[in-house]
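See below for the structure under consideration.
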Amino acid sequence: MKFAKLFSWLPGLLAVIAVLATALPPGPTRGFDLQAFGRTPVLEGGRIKPLDSVARNALLMIRGKQSVRDQGRTVGPDEWIADVLFRPAVADAQDIFVINDPDVLGLMGLRQTSNRYFSFAAIEPFIPEIEKQARAAQALEAVQRSRFQNAVVNLFDRLLLFNQLENTVQLADSPGLFMELQSLRDPQSAVRRKNLAEAAKFRILPPLAGQPGDAWQNTGEALDAAAAGLVHPGLATLAALGGSYATGNADLFNRSAVQFHGLTATIQPAALRHADNEILFNRVQPFYAGMVIYVLALLVLFTSWLWRRELLQPAAFSLLAGGALVHTVGLASRIILQGRPPVTNLYSSAIFVGWAAVVLGVLLERMYRKGFGTAVAAAAGFASLIVAHHLSMEGDTMEMMRAVLDSNFWLATHVVSITIGYSGTFLAGIIAIAYTLRKHIAPDPDPATTRVLVDMTYGIVCFALLFSFVGTVLGGIWADQSWGRFWGWDPKENGALLIVLWNAIILHCRWGDYVREKGLMAMAIFGNIITSLSWFGVNMLGVGLHSYGFMDQAFWALAIFDASQLVLIGICLMPRRFHLAGTT
Amino acid sequence: MIKRLAVRTWTILASLQVTIVSLALLMALVVLCTLAQTELGTLGAVNTYMRSMVVWRQVQGIPFRLPLFPGGALVGLVLVVNLTAALIKRFEFSARRLGLWVVHAGLILLVAGEFCTGAFQVDTRMTIEQGQTVDFVESYHQMELAVTDVTDPSHDVAYGIPDTLLKDGAAIALPGTPLTFKVQRYYVNATLARRGENDPPSPATMGVGANVTVTPQPPATADNDVNAASVFVEPVAGGRSYGTWLVSAALGAPQTFIHEGRSYALAVRPRRYYLPYAVTLKKFSHDVYAGTNIPKNFSSLVHLSNAATGEERDVLIYMNQPLRYQGRTFYQASYGKGDTLSVLQVVSNPGWLIPYLSCALITLGLLVHFGITLFNALKRRQVLREAV
């Protein structure tokens, strides 16, 4: 018995250990210590981050993944950014631009095949045409653009990003920073420095002692200062880094990286510490790992319903707990790294919705021990992390907050409550889906378990109503503080109101006995539709104060999700004689 | 018979069915209002769906408008009546029901607060340049015909005729002056153009209006559009007419006429409300995150000076930190002119505290009620477990 109990905790423990193992730094590539290069702190998008984050975010935007497959080998983000910065010819030949739109491919005279990745070199001849089409499309509002126009604007933006990166530390066609440093008096040099300063995507040279904390410089600006007689001590090291990487001198490269960090550690120690913490977070990818563990938990749980239930159900729960632990640590790391409450944008709301749903599910499982808590929690965690994964392609997920949103108090109260309200409504919906499927598949569902599922749903709807109401009201108070009106019928406000109203309707129908078990469950599933529209749908209208996250590609995903929920409502409401396993 | 009818009405009024149907209607209205915003703008959609008793729709081929749907105001009213009736009829004062009672009382207060806001809230703005001192606020939507006595170069005396009085054929005597204004034509919104050779003659006989053609336009609906109110007006004083003038918000400089040695400037502008104190903008700041265009903060450092109370102090108004002063609240709203001009939104709403109060009540009520429910559920489970 004791052994069985211990054994049941083993899978979760192993999962956590496996995640911890990914935190170990990878070894050198071709002798180059690229992970040391990736730790270099830079200023980009208004915040300090390691070069590794810049590389990962850029790769996610350009390629949709955090690494590159090139000639049968995986190129990591740190190696990729080193190639982009110092060996542009190599980076140009790697297939990194993912293009799915057939019309955009057609623009380049290509057929749609299974190969969706193209190199900059392959696209380069078509850039003038792409630019022409993109400029024409950019004149339109995002909502008015056609699918092709969106795709071409998107490709152009990615080409621009790639081009900016290639021209950040040194111009892509330059023999290197050494040459620039030696030819500062050259008449052409001023133009080149200006181009470099304008194209730069990030600032890599830390402010020197006595300069303000945000006075980071890009190399163009630093070369300008050098021409005026003020040579940044990091410039020469940076030149050595680039030169040694391009010529394959791994020894000099590694020494230069150490030297550059030594400089940063003396003048900006906090920046280096922050970069080190963030790089750890990047390497572990806790949300990706969590997603995998949740899937495992689901699979084990499904198996448990067919085989060795007494052993596998606790094992599934231990996996869920392990996933929840990884998820929690990831969430906490983001809070610490960003110095912000958990929800600051659409991406982080997905992470948080999943987290809250998982925590609720774990509590439900501890209360009822039927395996359903595990099932819905793992499903909710997995689904929300998938959504988050897709949202992460929009760029840096720890972007800076715009002025009006810059209030930790309201982010911590209003946004968190609203998001917990989303979690609750989704969780109720997922329990209702589990109820529906179980009734159809299980040959003879036992009434006590059914009762438990109904109780859980009812309780969670109450919980969701409380949080979405409180969140909505806090939003009103925030709006009153910052815009002078409590309620402005803004689309996002309306979305929140819809969730409150729907949960209130469910509860009143229940209290008035207008719906019983099946009706309650069908209504809870409809709550999924309301919440998905309120969460993502209103952002697609492109109006109102909350339209900060317009998404075109998500439209179809949302439509399919909502349609699937309608089908599930239909299945839920089917009379008993249509049940797959309920012919008695 | 009558008694039975009354009892039935009362039962229906207090019934849960009415609550549920009303809530469902409200949901539908919220969805329609949200979708309509892409077309009508926020204000237009809210006026059509939420602040109306009935949502009307013009259908082609039918000469009159059709009532399409009950409006938000009607549904809100029904909900309040239903709720009040239910509170009286069904709710008993017991510890078990206490939470629900508080929640629903809070809800009534919330809706009442919204009606109060709709009725009494006045939205205005103060546009102020660095170094400038301003002692008035302007309306966003209402306009006025401003008549300014500019005779004395050291200070102006301003008179305003609100747009609600500007009706075709009206004659408005301006108190404190010998002037009377005869309104010939008033347009809520219009576009002005240089008069072409084939255009009919302009009604204006004086000022720039003689060379301008006025084309009436429907009132602006989009959130950022402003009506270019225009009026043909004839100032009369001491039995003498000073000709017909075109005065419009679309015209730049004011136009001046002289009566008995006093110069009067005419202009149409957003309606002004004068304050018993003055605000000076000392500095407007607009910070961005390093190396980006992402705004980090907007703030206005102003000096408040009130001769009546002797108050002289500096105030920093920034995001999420408005200035509340003498029943008005000043918010940082916008900026312009290369960051030297600040626009403050100025709101007076006597009922601003009601939502705070009602929300506290509802939250408290929900916590109590669901707390009791959870407690009971846990107790039941405990009993069940012990029974097994």
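So the protein lines, in turn, are chains F and P.
Going by my numbering, the first sequence opens with residue 167, and the numbers climb by one from there.
Going by my numbering, the second sequence opens with residue 4, and the numbers climb by one from there.
Just so you know, even glycine gets a beta-carbon here, dropped at the ideal spot from N, CA and C.
Since this is a predicted model, take the numbers as computed values, not measurements.
Worksheet item: What do you reckon, are the CB atoms on F/ALA545 and F/ILE596 nearer than 7 Å?
Response: As a first step, residue 545 of chain F is located in the first sequence; it is residue number 379 there, counting from the start. As a first step, residue 596 of chain F is located in the first sequence; it is residue number 430 there, counting from the start. Their beta carbons are under 7 Å apart, which means F/ALA545 touches F/ILE596 by this criterion.
Worksheet item: Out of P/HIS306, P/LEU71, P/VAL153 and P/SER361, which has the shortest C-alpha to C-alpha gap to P/ALA281?
Response: Your numbering for residue 281 of chain P matches position 278 in the second sequence. When each option's Cα is compared against that of P/ALA281, the closest is P/HIS306.
Discussion item. If we define contact as Cβ-Cβ less than 7 Å, is P/GLN145 a contact residue for chain F?
Written reply: Here the question's residue 145 of chain P lines up with position 142 in the second sequence. It does not; no Cβ of chain F falls within 7 Å.
Practice prompt. Give the residues of chain P in contact with F/PHE635, contact being defined as C-beta atoms less than 8 Å apart.
Written response: For the purposes of this step, residue 635 of chain F is identified with residue 469 of the first sequence, where counting begins at 1. Under the 8 Å cutoff, chain P gives ILE365, THR366 and LEU369.
Item to complete: Pick out the complete alpha helix (DSSP H) segments inside the stretch 175–238 of chain F, 4 residues or longer, and give them in chain order.
Response: 200–204 and 217–229
Worksheet item: Secondary structure at P/PRO358, three-state DSSP: helix, strand or coil?
Response: Position 355 of the second sequence, counting from 1, holds the residue named residue 358 of chain P. Helix, per DSSP.
Worksheet entry | Cα-Cα separation, P/ILE375 to F/HIS556 | As a position in the second sequence, residue 375 of chain P is number 372, starting the count at 1. As a position in the first sequence, residue 556 of chain F is number 390, starting the count at 1. Their backbone Cα atoms lie some 41 Å apart in a straight line.
Discussion item. Short of 9 Å Cβ to Cβ, which residues in the stretch 21–45 of chain P face chain F?
Written reply: THR22, ILE23, LEU26, ALA27, LEU29, MET30, VAL33, VAL34, CYS36, THR37, LEU38, GLN40, THR41, GLY44 and THR45
Discussion item. Quick check: F/SER484 and F/ALA516, are their CB atoms within less than 7 Å of each other?
Written reply: Locating residue 484 of chain F in the first sequence gives position 318, counting from the first residue. Locating residue 516 of chain F in the first sequence gives position 350, counting from the first residue. It is not a contact, given that the beta carbons lie outside the stated cut-off.
Worksheet item: In three-state DSSP terms, what is P/VAL291?
Response: By one-based count along the second sequence, residue 291 of chain P stands at place 288. Three-state result, P/VAL291: strand.
Worksheet item: Taking only runs of the alpha helix (DSSP H) that begin and end inside the stretch 416–456 of chain F, which ones reach a length of at least 4 residues, in chain order?
Response: 416–433 and 435–450
Worksheet item: F/GLU387: buried (16+ other C-beta within 10 angstroms of its C-beta) or exposed?
Response: Mapped onto the first sequence, residue 387 of chain F falls at position 221. It counts as buried.
Item to complete: For F/ASP267, collect the residues of the same chain with a Cβ closer than 6 Å to its Cβ; drop the 5 residues on either side in sequence, then sort them by chain order.
Response: Position 101 of the first sequence holds residue 267 of chain F. Once the five neighbours on either side are set aside, the close Cβ partners of F/ASP267 are ALA317.
Worksheet item: P/TRP59 by DSSP, collapsed to three states: which one?
Response: As a position in the second sequence, residue 59 of chain P is number 56, starting the count at 1. Three-state result, P/TRP59: strand.
Worksheet item: Helix or strand or just coil, what does DSSP make of P/GLU132?
Response: Locating residue 132 of chain P in the second sequence gives position 129, counting from the first residue. DSSP places P/GLU132 in strand when its eight states are reduced to three.
Worksheet item: Among P/ALA380, P/GLU389, P/ILE357 and P/LEU26, which has the Cα closest to the Cα of P/GLY109?
Response: By one-based count along the second sequence, residue 109 of chain P stands at place 106. The candidate whose alpha carbon is nearest that of P/GLY109 is P/ILE357.
Item to complete: Assuming F/ALA598 contacts F/CYS738 (C-beta within less than 8 Å), just tell me the rounded distance between them.
Response: If you number the first sequence from 1, residue 598 of chain F lands on position 432. If you number the first sequence from 1, residue 738 of chain F lands on position 572. Right, the Cβ-Cβ distance comes to about 7 Å (below 8 Å), so this counts as a contact.
Worksheet item: Should F/VAL509 be counted as a contact of the ligand MN given a C-beta to heavy atom distance under 6 Å?
Response: Only the bare structure without any ligand can be found here, which leaves the ligand MN out of the picture.
Worksheet item: Looking at the C-beta of F/LEU407, does it have a partner C-beta in chain P at a distance below 7 Å?
Response: For this step, residue 407 of chain F is matched to residue 241 along the first sequence. Judged by the 7 Å Cβ criterion, F/LEU407 is not in contact with chain P.
Worksheet item: What separation, rounded to the nearest whole angstrom, lies between the Cα atoms of F/ARG222 and F/GLY489?
Response: As a working note, residue 222 of chain F is residue 56 in the first sequence. As a working note, residue 489 of chain F is residue 323 in the first sequence. Rounded to whole angstroms, F/ARG222 to F/GLY489 spans 23 Å at the Cα level.
Discussion item. Give me the chain F residues within the contact set of P/TYR359, using Cβ-Cβ distance strictly less than 7 Å, ordered along the chain.
Written reply: Counting from one through the second sequence, the residue named residue 359 of chain P turns up at place 356. Going along chain F in sequence order, the residues near P/TYR359 (Cβ under 7 Å) are ILE643.
Worksheet item: Expressed to the nearest angstrom, what Euclidean distance is found between the alpha-carbon atoms of P/SER25 and P/SER266?
Response: On the second sequence, position 22 is the one that residue 25 of chain P refers to. On the second sequence, position 263 is the one that residue 266 of chain P refers to. Whole-angstrom Cα-Cα distance: 60 Å.
Worksheet entry | Under 7 Å between C-beta atoms of P/ALA149 and P/ARG272 | Stepping through the second sequence from its first residue, residue 149 of chain P is reached at position 146. Stepping through the second sequence from its first residue, residue 272 of chain P is reached at position 269. Cβ atoms of P/ALA149 and P/ARG272: closer than 7 Å.
Worksheet item: Who are the neighbours of P/ALA17 on chain F, taking C-beta pairs under 8 Å?
Response: The sequence position of residue 17 of chain P within the second sequence is 14, counting from 1. Simply none; closest approach about 12 Å.
Worksheet item: Count the other CB atoms within 10 Å of the CB of F/ASP352; is the residue buried (16 or more) or exposed (fewer)?
Response: By 1-based counting over the first sequence, the position of residue 352 of chain F is 186. Its Cβ having fewer than 16 others within 10 Å, F/ASP352 is exposed.
Practice prompt. Just tell me which of P/GLY354, P/GLY313 and P/SER361 has its CA closest to the CA of P/PHE118.
Written response: In the second sequence, residue 118 of chain P corresponds to position 115, counting from 1. It is P/GLY354 whose Cα lies nearest to the Cα of P/PHE118.
Practice prompt. Go through its chain and collect everything with a Cβ distance to P/GLY116's Cβ below 7 Å, but skip five positions before and after it.
Written response: As a position in the second sequence, residue 116 of chain P is number 113, starting the count at 1. Hits under 7 Å: GLY354, ILE357, PRO358 and SER361.
Item to complete: Write down every uninterrupted run of the beta strand (DSSP E) in the stretch 252–330 of chain F whose length is 3 residues or greater and which is fully enclosed by it, in chain order.
Response: 261–264 and 283–285
Discussion item. For F/GLN647, would you say it is in contact with chain P, using Cβ-to-Cβ distances shorter than 7 Å as the test?
Written reply: Indexing the first sequence from 1 puts residue 647 of chain F at position 481. So, interface residue.
Practice prompt. Counting only the same chain and skipping the five closest in sequence on each side, list residues whose C-beta sits under 6 Å from that of F/VAL581.
Written response: If you number the first sequence from 1, residue 581 of chain F lands on position 415. Once the five neighbours on either side are set aside, the close Cβ partners of F/VAL581 are VAL509.
Worksheet entry | From F/PHE203, F/LEU217 and F/ALA202, residue whose alpha carbon lies closest to that of F/ILE209 | Within the first sequence, numbered from 1, the residue matching residue 209 of chain F stands at position 43. Per the sequence shown, residue 209 of chain F should be read as Leu rather than Ile. When each option's Cα is compared against that of F/LEU209, the closest is F/LEU217.
Fill in: Contacts around P/VAL125, its chain only, beta-carbon distance under 6 Å, and the 5 residues preceding and following it disregarded
Stepping through the second sequence from its first residue, residue 125 of chain P is reached at position 122. Correct list, in chain order: SER351.
Fill in: Listed by chain order, chain P residues near F/HIS674 by CB distance under 9 Å
Along the first sequence, one-based indexing puts residue 674 of chain F at 508. Within 9 Å Cβ-Cβ: LEU19, THR22, ILE23 and LEU26.
Item to complete: Provide the residue(s) that pair with F/LEU619 in DSSP beta bridges, ordered along the chain.
Response: Residue mapping note: residue 619 of chain F aligns to position 453 of the first sequence, counting from 1. Paired residues: none, contrary to the question.
Item to complete: Please go through the same chain and pick out, in chain order, the residues whose beta-carbon is closer than 8 Å to the beta-carbon of P/ASN214, but skip the five residues on each side of it.
Response: Working through the second sequence from its first residue, we reach residue 214 of chain P at position 211. These residues qualify, in order along the chain: ARG197, ARG198 and SER205.
Practice prompt. Give the straight-line distance between the Cα atoms of F/ASP249 and F/VAL495, rounded to the nearest whole angstrom.
Written response: By 1-based counting over the first sequence, the position of residue 249 of chain F is 83. By 1-based counting over the first sequence, the position of residue 495 of chain F is 329. Cα to Cα, the separation comes out at about 33 Å.
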